[in-house]
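Taking it in order: structure first as structure tokens, then the write-up.
Number of protein chains: 2
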Amino acid sequence: MSDDLSLLQREVERYKAVYEVNRALGGTLDLDRLLALIMDRTTEVMNADRSSLFLIDWDSEELWSKVAQGVRYRELRFPMGLGLAGSVAASGEILNIPDAYEDERFNQAIDRQTGYRTRSVLCCPMNNKQGDRIGVIQVLNKLSGEPFTQEDEELLCALAGSAAVAVENAQLYEEQKLSFVSFVETLSTAMDARDPITAGHSRRVTAYSVAIGEELGYGEKDLEILRVAALLHDVGKIGVPEIVLFKDGRLTDEEYQVIQSHASHTLNILGKIHFDREKREIPMMAGTHHERLDGKGYPLELSGEDIPEAGRVMAVGDVFDAITSRRHYRDRMEFRKVLNVLTEERGTHFQPEFVDAFMRLKLRRIVEIMESGNPEPVAPEDLERFESMTLAELKALLDGAEAPVEGQAELVERFQYYYRRSLPEGYVPMD
Amino acid sequence: MSDDLSLLQREVERYKAVYEVNRALGGTLDLDRLLALIMDRTTEVMNADRSSLFLIDWDSEELWSKVAQGVRYRELRFPMGLGLAGSVAASGEILNIPDAYEDERFNQAIDRQTGYRTRSVLCCPMNNKQGDRIGVIQVLNKLSGEPFTQEDEELLCALAGSAAVAVENAQLYEEQKLSFVSFVETLSTAMDARDPITAGHSRRVTAYSVAIGEELGYGEKDLEILRVAALLHDVGKIGVPEIVLFKDGRLTDEEYQVIQSHASHTLNILGKIHFDREKREIPMMAGTHHERLDGKGYPLELSGEDIPEAGRVMAVGDVFDAITSRRHYRDRMEFRKVLNVLTEERGTHFQPEFVDAFMRLKLRRIVEIMESGNPEPVAPEDLERFESMTLAELKALLDGAEAPVEGQAELVERFQYYYRRSLPEGYVPMD
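As you go down the protein sequences, you meet chains A and B in turn. Quick note: the first sequence uses this note's numbering, first residue 1, plus one each step. Quick note: the second sequence uses this note's numbering, first residue 432, plus one each step.
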């Protein structure tokens, strides 16, 4: 009777644990976070020292996993069949090994690398609702020092089943998100590519805007939203006839107005898209990249904080890209003048803090974005050196406000070389 | 001791049930199916007669639910605070009512409408992981005839918690899907709208293709994939200069080739998008709408079943829309001739079964699509009458192969009226 009771009590505990894990797993559709969560909770519930989870890539017949490394994740991959996890992935059979070193399938190399000492191992396949094997979950070194029991096997299998369902949902969600973003990227690239001269514009404006966002301390979500908005900022150009958009020569006032209408087209077109709650501001963000802080911009003539922050950030990136690009009717603006435009318009056209954030960026980042379309890449050693100077420092040197110290003059020269290199013969900068 | 045992046994049962429900709920991200599943499983686990689930729309302060009605779902909405479910939504407190008719909050009107007799009611708020109330779940009439117990309350709350997490995930997933599809729609509309003459083309080709798919018995998923592929079939036109694309007059051979390149642009552009597994064929589907069954199409010169089925379906819809639309250089083709093109090219350009499926469509469906952009809508009574004739029947009458019976001649005349009505004065059909 008392045996029955303790048996039942343990069963209750088990179900409770699985229920709790289940609920926790349901709470996120972020795959990286989910995988970390599964491992944490499994280690805890199983009274083990650590857990790992490997997903099966059936195309390449490999197992893969992501391992946290600082704030990033590193991907691990190995062939199916290798080690204990690999053999569970291949066979679909649970493995309960009291001492890994006595099992020839165990790969001792990893312990030797990491200094860890694996003893007991319990490894269970993860099957989804359709019964397909999508991965394996493995727990190491039961804390009691005993081998894992049959009850442990049942518990881990239940957890693996819940984990499989949660992982599949997260994968579906991430695929859907990826579809959306890759569609946005592809579209904006295709639109820019209509004219070789504007090719890459949206991508560069996006990269500059994201760099400013990072400098301002934006979180991952805000950066993602800014990214989508920036990729789409010129989508309204689809509503501007190419004969005006790509006109080679001075524009009439009327033509200029037609070109300006692209910003309100962006507003209208994006306004028809169903964005989810957190992306709902994207149409307004994207449609306000030509607004000015002083209210003299377009299309809505908003001013100050009435302009969505992302619109104000993009304004800096958009102008910077426009004047550092070669256009139909003029060449790249001399870089000293480019920086003067930004600082002169600080507070009138641009939000001061956003210009300042931009000026804090390293030349390396700027060159990487600005020259990304160039068939002749920037030499890696030069890129390395560009890491040591910010735009603000470059400006001080170009303006003569600071005297160059140790190698700075040469660095500036290298920068100018790359900036000017592909200009046509006889180029005379606008000034 | 035996009391402890049965208590524990019941607890085990409860956790088991919740665990099972949890696993079941994790298995779908389809919101309609999920809501139905939650109600089914809750009714079963709670030993009750029926269950209902209401989600809270905090913007409008309403509760809403979807009720299966045949194969469709009907949406129910009522204000927060109304009835027992409404008051739980407003207060967040669980309600356990032994006899609904003795509680003044209960809305007897619904029982009167449906003939149902509500007795016991247990209604529990659904809280998500952040503790926000997203809905309520309600079970009616415990099968034993007894009131619901405190154990029942605990069980329902556990179920409601799992349901809340699953529902939120499904909502996030559906929003993401909706974003993608609405983006595709908006983009294809914006691209077509560049030229008023082609405005609506992609949308109409999509509608014709989906109609053929339905006629062929496609399931919901295949229809959705066909829909996205058809909306995107002309996305490659972004790579064709407008000066050629919209040329008013005869095209040179070279210009014709440039226009034809849009199909391979569609292949290339869509090939860069990350589609999820089930949508992976979309680029090939969309890029093969100008292939011909006999291999004389473009861009890949595929033939027969080497052309993706969706490409063969779209071919019918695309040609039909092209020749029933007014273009720069010609007017709408006489409808008798339109149908002859389809049947003459049956087996050479088009897959015979797909032409046949198209010819089985009712005039109503064709008119609805063909005239969807017309500012003067088709009279509802005419639409109604167009339901009684298929394209194949119309063709037999137009060709004189069949003699019209009871009102058919008038119907054909009405159809021709709508088809020809907005043509310019002095229009002479191509023939």
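Heads up, the beta-carbon is just placed ideally off N, CA and C, and yes, glycines get one too.
Limits of the unbroken beta strand (DSSP E) element including residue i
i, result
"A/M39", "A/M39 -> not in any beta strand (DSSP E); alpha helix (DSSP H) instead, spanning L31 to V45."
"A/N128", "Unbroken run through A/N128: none, as it is neither H nor E."
"B/S487", "Just to set this straight, residue 487 of chain B is Ile in the shown sequence, not Ser. Start and end: A479 to D488."
"B/I528", "L526 to I528"
Limits of the unbroken alpha helix (DSSP H) element including residue i
i, result
"B/K826", "L822 to D830"
"B/S734", "No alpha helix (DSSP H) holds B/S734; DSSP gives it neither H nor E."
"A/V313", "E309 to T324"
"A/K362", "Looking at the DSSP string, A/K362 is not in any alpha helix (DSSP H), and its letter there is neither H nor E."
"A/Q257", "D253 to G271"
"B/E533", "First-last for B/E533: undefined, no H or E at that position."
"B/P811", "P811 to F817"
"B/K668", "Per DSSP, B/K668 belongs to no alpha helix (DSSP H) and is neither H nor E."
"A/T288", "No alpha helix (DSSP H) contains A/T288, which DSSP labels as neither H nor E."
Cross-chain neighbours of residue i in chain A, by beta carbon under 7 Å
i, result
"B/T617", "I269, K272 and I273"
"B/V936", "Residue 936 of chain B lies beyond the range of chain B shown here (432 to 862); nothing can be said about it."
"B/R625", "I238"
"B/L574", "By Cβ distance, chain A contributes nothing, its closest Cβ being about 24 Å from B/L574, past 7 Å."
Spatially closest choice to residue i from the options, by CA coordinates
i, options, result
"A/G135", "A/A89, A/G145, A/D59 and A/D103", "A/A89"
"B/V747", "B/R757, B/D762, B/E765 and B/N771", "B/N771"
"B/M511", "B/E736, B/E802 and B/S491", "B/S491"
"A/R420", "A/S65, A/V378, A/D32 and A/A17", "A/V378"
"B/G576", "B/L822, B/M477 and B/L456", "B/M477"
"B/F846", "B/T821, B/A832, B/A834 and B/A788", "B/T821"
"B/G514", "B/P529, B/S496, B/R505 and B/Q539", "B/Q539"
"A/D103", "A/T118, A/G92 and A/Q113", "A/T118"
"B/L701", "B/L682, B/A531 and B/D665", "B/D665"
"A/E406", "A/D399, A/D30, A/Y418 and A/S388", "A/S388"
"B/K710", "B/G726, B/R658 and B/I738", "B/R658"
"A/R365", "A/A211, A/G373 and A/P404", "A/A211"
"A/R336", "A/E393, A/P283 and A/E281", "A/E393"
"B/E651", "B/D461, B/V636, B/R445 and B/Y450", "B/D461"
"A/A286", "A/A310, A/F275, A/S303 and A/N169", "A/A310"
Secondary structure of residue i, DSSP reduced to three states
i, result
"A/E13", "helix"
"A/E75", "strand"
"A/L293", "coil"
"B/L439", "helix"
"B/G857", "Here B/G857 scores only 45 on pLDDT, less than 50, and its place in the model should not be relied on; the value that follows carries that caveat. Of the three classes helix, strand and coil, the one that applies to B/G857 here is coil, per DSSP."
"B/L571", "strand"
"A/S65", "strand"
"A/V121", "strand"
"B/G517", "helix"
"B/R845", "helix"
"B/R777", "strand"
"A/D431", "Note that A/D431 has pLDDT 30, beneath the 50 cutoff, so the model's placement of it is unreliable and no number is given."
"A/G135", "strand"
"A/V167", "helix"
"B/Y547", "coil"
"A/Y19", "helix"
"B/A840", "helix"
"B/K678", "coil"
Within chain B, the residues that residue i reaches when beta carbons sit closer than 8 Å
i, result
"A/K237", "Those within 8 Å of A/K237 in chain B number zero; the least Cβ separation is about 10 Å."
Interface residues of chain A facing residue i [CB-CB closer than 8 Å]
i, result
"B/I674", "E242 and I243"
"B/L603", "L29, Y173 and D276"
"B/D435", "L5"
"B/Q607", "Y173, Q176, K177, F180 and D276"
"B/G592", "R23"
"B/L586", "Residues of chain A passing the Cβ test: none, with the nearest at roughly 12 Å."
Residue i: contacting residues in chain B (beta-carbon distance under 7 Å)
i, result
"A/M191", "I669"
"A/K129", "G458"
"A/N169", "G457, L460 and N600"
Contact list for residue i against chain A, beta-carbon separation under 9 Å
i, result
"B/Y446", "E11, V12, R14, Y15, K16, V18 and Y19"
"B/L465", "What B/L465 touches in chain A: nothing, since even the nearest Cβ is about 11 Å away."
"B/L657", "Going along chain A, no residue has its Cβ under 9 Å from B/L657, so there is no contact; the nearest lies around 17 Å."
Chain-ordered chain B contacts of residue i [CB-CB under 9 Å]
i, result
"A/L251", "Within chain B, no residue comes near A/L251; the closest Cβ sits about 17 Å away, beyond 9 Å."
Uninterrupted alpha helix (DSSP H) stretches inside the stretch 614 to 665 of chain B (no shorter than 4 residues): 632 to 646 and 651 to 662
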